[in-house]
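Note sheet for the following structure.
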Amino acid sequence: MTADRARWSGNGTAGNRLFGAKNAEPAREEAEPADSGAARPSRGVGESLYARLREGLPSADPRAGVLEAVRERVHRLVISELGPVFYGSQFDQDELRARVERIVQAALRAEKTTMSALEAAGVARSVTDDVLGYGPIEPLLQDPSISEIMVNGPDRVYIERSGKILPTKVSFLDEAHLRHVTGRIVAEVGRHIDESSPMVDARLADGSRVNAVYPPLAVGGPFLTIRKFAAEPFSLDDLVGFATVTPQVAQLLQACVQGRANILVSGGASTGKTTMLNVLSSFIPSDERIVTIEDAKELQLRQRHILSLESRPPNTEGKGEVTIRDLLRNALRMRPDRIIIGECRSGEAFDMLQAMNTGHDGSLTTVHANSPRDALARVETMTLMAGFDLPVRAVREQISSALDLVVHLARLRDGTRRVTHVTEVGHMEGDTVLLQDVFVFDYRSGASSAHPAGPGRLVATGLRPRLTDRLADRGVQVNPAIFEPETGEVERPRPHQPPQRGWRP
Ligand SMILES: Nc1ncnc2c1ncn2[C@@H]1O[C@H](COP(=O)(O)OP(=O)(O)O)[C@@H](O)[C@H]1O
Ligand SMILES: [Mg+2]
Numbered sequence: 004m005t006a007d008r009a010r011w012s013g014n015g016t017a018g019n020r021l022f023g024a025k026n027a028e029p030a031r032e033e034a035e036p037a038d039s040g041a042a043r044p045s046r047g048v049g050e051s052l053y054a055r056l057r058e059g060l061p062s063a064d065p066r067a068g069v070l071e072a073v074r075e076r077v078h079r080l081v082i083s084e085l086g087p088v089f090y091g092s093q094f095d096q097d098e099l100r101a102r103v104e105r106i107v108q109a110a111l112r113a114e115k116t117t118m119s120a121l122e123a124a125g126v127a128r129s130v131t132d133d134v135l136g137y138g139p140i141e142p143l144l145q146d147p148s149i150s151e152i153m154v155n156g157p158d159r160v161y162i163e164r165s166g167k168i169l170p171t172k173v174s175f176l177d178e179a180h181l182r183h184v185t186g187r188i189v190a191e192v193g194r195h196i197d198e199s200s201p202m203v204d205a206r207l208a209d210g211s212r213v214n215a216v217y218p219p220l221a222v223g224g225p226f227l228t229i230r231k232f233a234a235e236p237f238s239l240d241d242l243v244g245f246a247t248v249t250p251q252v253a254q255l256l257q258a259c260v261q262g263r264a265n266i267l268v269s270g271g272a273s274t275g276k277t278t279m280l281n282v283l284s285s286f287i288p289s290d291e292r293i294v295t296i297e298d299a300k301e302l303q304l305r306q307r308h309i310l311s312l313e314s315r316p317p318n319t320e321g322k323g324e325v326t327i328r329d330l331l332r333n334a335l336r337m338r339p340d341r342i343i344i345g346e347c348r349s350g351e352a353f354d355m356l357q358a359m360n361t362g363h364d365g366s367l368t369t370v371h372a373n374s375p376r377d378a379l380a381r382v383e384t385m386t387l388m389a390g391f392d393l394p395v396r397a398v399r400e401q402i403s404s405a406l407d408l409v410v411h412l413a414r415l416r417d418g419t420r421r422v423t424h425v426t427e428v429g430h431m432e433g434d435t436v437l438l439q440d441v442f443v444f445d446y447r448s449g450a451s452s453a454h455p456a457g458p459g460r461l462v463a464t465g466l467r468p469r470l471t472d473r474l475a476d477r478g479v480q481v482n483p484a485i486f487e488p489e490t491g492e493v494e495r496p497r498p499h500q501p502p503q504r505g506w507r508p
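In our numbering, the protein residues as written are 4 to 508.
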């Protein structure tokens, strides 16, 4: 099984207006090797512009170049005629199409190039489709093997495929064209982007996440980042298949969730924290009442008794904000069996520790951090952000008694996402919280027939977590053999490779 199996939306999710609307057709962009240099030199418009459309034309046709020039002129005119206010909610799709068609026809009438009726109709259709669709990124949206699309400017479009970031040859006509497409995408969810509100972060109807930033905030932009929604979330078996966890670790994690351990998932940006949280949550017994709290709903749980809460940013007058912390406080009054917080970023950490220490065990959350130790430091800082004047030692005591396990993830150079630490949170010793690694990623461990996913893999340290006694009290058994370090292995020495921090170069 591979990470890039067809699972991204774009393969025609029902009811998905944005990505499922057209025939799924594999992207025609040609990914270049990632190390071929970041920014490609800007190419002439004639070469870059309708590359996508041109590919559909027979190359020997001498008219192709002429028609392409006409298309380009008409397209530019249409975009400038439409203006930025056009894609408001006041227009429905038919009205929009009629209006675009009118402008296209007018532009064609003004054209000096002589064309047959058939040629003119062809130009009209392709311009209309482009203006009403998502332009040059449409094939990327449709391509199920692409998980993320990153537009860094009209001429710089990157994709993520199988965990690797690759530049593409896709480009927009110019900045206005990119603004047009960006405006259309955010307008789909009733949001608006312009000079006065130049940043938008939105969840599309199909669950995909879109972030857009306009210049001058986005230097050389607009920037547009689309994380496509995974139509079917990964399962624990998938994560074992990707070598993110070993079967032993998978067993331990499953037992910890069933036995109501409080688990903190940590890692850098896009290392797979939310995915891991989703997988862990799937082991919560279906007779429990689960409340999830997120900034934008990403978790996809299968259990039936789920209440999902989503925070709200302040409106344009700066009012009406509802924070994760507000929601968490409210959630405690909803008689939850489990509380899942999508990501801890601030003062909610304080309330979360309180909750974990007062009977809401089995709670799960994620935090942005570079190591398990760093994760605890972050929780400590965030707890202090709650605004109570607590002595640091008191906070650490809370942390030590609330948290049971830290599962740390990293994205390696080869693009794979791996659990690098499974660490038990122990008691206080002096002023520090003891951390015991139960499994760690060994970067020097070579690939062998038993571990084809190498080099580097997650190995047992030989320590049996104390947590297992508590799990046993709750009737959840863990096979002690999984904690035994493997022996008799032929190891190929490898240079030490530290995990990448974050993921963007
Ligand atoms: N173990 C994994 N193996 C391969 N891809 C993964 C894995 N976990 C997550 N992904 C993919 O990586 C991207 C980021 O995952 P996500 O869980 O949202 O990260 P985070 O919450 O850390 O930002 C998504 O496209 C997701 O499908
Ligand atoms: Mg996340």
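All residues carry an ideal CB built from backbone N, CA and C; glycine is no exception. All values derive from a computational prediction rather than experimental measurement.
Out of 154, 162, 97, which has the shortest C-alpha to C-alpha gap to residue 131?
97
Starting from residue 333, trace the beta strand (DSSP E) both ways and give me its first and last residue.
First-last for residue 333: 327-334, but that is the alpha helix (DSSP H), not the beta strand (DSSP E).
Got a sec, what are the start and stop residues for the alpha helix (DSSP H) residue 68 sits in?
66-85
Considering only their Cβ atoms, is the gap separating residue 154 from residue 245 smaller than 8 Å?
No, the Cβ-Cβ distance between residue 245 and residue 154 is not below 8 Å.
Return the residue from the list 419, 95, 434, 407 that minimises the CA-CA distance to residue 426.
407
So, do the segment 205-220 and the segment 160-167 have three or more beta carbon pairs nearer to each other than 8 Å?
no
Which residue comes first and which comes last in the alpha helix (DSSP H) that contains residue 184?
178-190
How big is the Cα-Cα spacing for residue 459 and residue 265?
Looking at the two C-alpha atoms, the distance is approximately 28 Å.
Measure the alpha-carbon distance for residue 82 versus residue 419 and round it to whole angstroms.
Taking the CA atoms as reference points, residue 82 sits about 41 Å from residue 419.
Using a Cβ-based criterion (distance less than 7 Å to any ligand heavy atom), does residue 413 qualify as near ligand 1?
no
Residue 277 beta carbon near ligand 2 (any heavy atom closer than 7 Å):
At least one heavy atom of ligand 2 is nearer than 7 Å to the Cβ of residue 277, so yes.
Report all residues from its chain with a CB closer than 7 Å to the CB of residue 42; omit the five preceding and five following residues, and keep chain order.
Bear in mind that the predicted position of residue 42 carries a pLDDT of just 38, short of 50, making it unreliable; the figure below should be weighed with that in mind. Apart from sequence neighbours up to five positions away, the residues of its chain that approach residue 42 with a beta-carbon distance below 7 Å are 159, ordered along the chain.
Should residue 386 be counted as a contact of ligand 4 given a C-beta to heavy atom distance under 7 Å?
Only ligand 1 and ligand 2 can be found as ligands here, which leaves ligand 4 out of the picture.
With DSSP collapsed to three states, give me the class of residue 5.
Note on residue 5: pLDDT 45, under 50, position unreliable in the model; the coordinate value appears next. In this structure, residue 5 counts as coil in the three-state DSSP scheme.
When the distance is taken between beta carbons, is residue 281 closer than 8 Å to residue 257?
no
Which stretch, first to last residue, makes up the alpha helix (DSSP H) that contains residue 476?
Its alpha helix (DSSP H) spans residues 470-476.
Is the beta carbon of residue 216 sitting closer than 8 Å to the one on residue 223?
Result no, Cβ atoms of residue 216 and residue 223 do not sit closer than 8 Å.
Answer yes or no: the CB of residue 346 versus the heavy atoms of ligand 2, is any distance below 7 Å?
yes
Do residue 383 and residue 402 have their C-beta atoms within less than 8 Å of each other?
yes
Count the other CB atoms, across all protein chains shown, that sit within 10 Å of the CB of residue 374; report buried if there are 16 or more and exposed otherwise.
buried
Contacts around residue 489, its chain only, beta-carbon distance under 8 Å, and the 5 residues preceding and following it disregarded
Only 462, 463 meet the Cβ criterion.
Mind checking which residues open and close the alpha helix (DSSP H) that includes residue 148?
Run containing residue 148: none; DSSP gives neither H nor E here.
Answer with buried or exposed for residue 330, where buried requires no fewer than 16 other C-beta atoms within 10 angstroms of its C-beta.
buried
Exposure of residue 367, with buried meaning 16 or more beta-carbon neighbours within 10 Å:
buried
Burial state of residue 395, where buried means 16 or more other Cβ atoms lie within 10 Å
exposed
Residue nearest to residue 370 in terms of C-alpha spacing, selected from 364, 351, 357, 393:
351
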